[in-house]
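Enquirer:
Residue numbers (the UniProt record's numbering): 1 to 108.
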C-alpha cells in the first residue's frame, strides 16, 4: 500500500510570508507543506524593505532580533524625478513612538 503524507496546511508560493508562516505553524505543532513553481532559488539584485508589521511577524516567530542585527534601519525616504533629477518628496521615519520601522535588506 502506498504511504500518503498528510499535511494540515498547504501554502502556495515561497515568498517571505509563505516561508515565515510554516515556521510559526511548526511551533504550534501544525504540519504544513510549501509549494513553489520555481525549481531553484533565483538570486538577483534587489532591495527589500520591511516595515513595522513585518517586523512584528518576524518577532512572533523568533527571528526578528537576529535579522535586525544584520540589516540597516532607514530614517528617511527621499524620491527624485528620473526625468528632471529633482526631489519630488521626502518622509522622515524618525519618530519617538516607532510608528515606522523600516530596514533594508540589500542583495545586489
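Note that beta-carbon positions come from the ideal geometry of N, C-alpha and C, so glycine has one too.
Excluding five sequence neighbours on each side, which residues of the same chain lie with their C-beta closer than 7 angstroms to the C-beta of residue 152?
Expert: Outside the shown range of the chain (1 to 108) lies residue 152, about which nothing can therefore be said.
Enquirer: Could you give the distance in angstroms between the alpha-carbon of residue 108 and the alpha-carbon of residue 31?
Expert: Only weak support exists for where residue 108 lies, its pLDDT of 46 falling under 50; the value from the coordinates is given anyway. If I take the Cα positions, the gap works out to 34 angstroms.
Enquirer: Taking residue 71 as the reference, which of 14, 12 and 103 has the closest Cα?
Expert: 103
Enquirer: Hey, could you find the ends of the beta strand (DSSP E) residue 77 is sitting in?
Expert: 76–80
Enquirer: Measuring alpha carbon to alpha carbon, tell me which of 87, 20 and 101 ends up nearest residue 60.
Expert: 20
Enquirer: Please say whether residue 75 and residue 56 have beta carbons closer to each other than 8 angstroms?
Expert: Contact flag unset, no.
Enquirer: Taking residue 118 as the reference, give the member of 40, 8 and 14 with the closest Cα.
Expert: The requested residue 118 is not part of the displayed model; the chain covers only 1 to 108.
Enquirer: I need the straight-line Cα distance from residue 64 to residue 52, nearest angstrom please.
Expert: 11 angstroms
Enquirer: With a CB to CB cut of under 7 angstroms and the five nearest residues on each side skipped, what residues in its chain are close to residue 18?
Expert: Once the five neighbours on either side are set aside, the close Cβ partners of residue 18 are 11 and 34.
Enquirer: Taking just the CA atoms, how far does residue 77 sit from residue 3?
Expert: Rounded to the nearest angstrom, the two C-alpha atoms are 54 angstroms apart.
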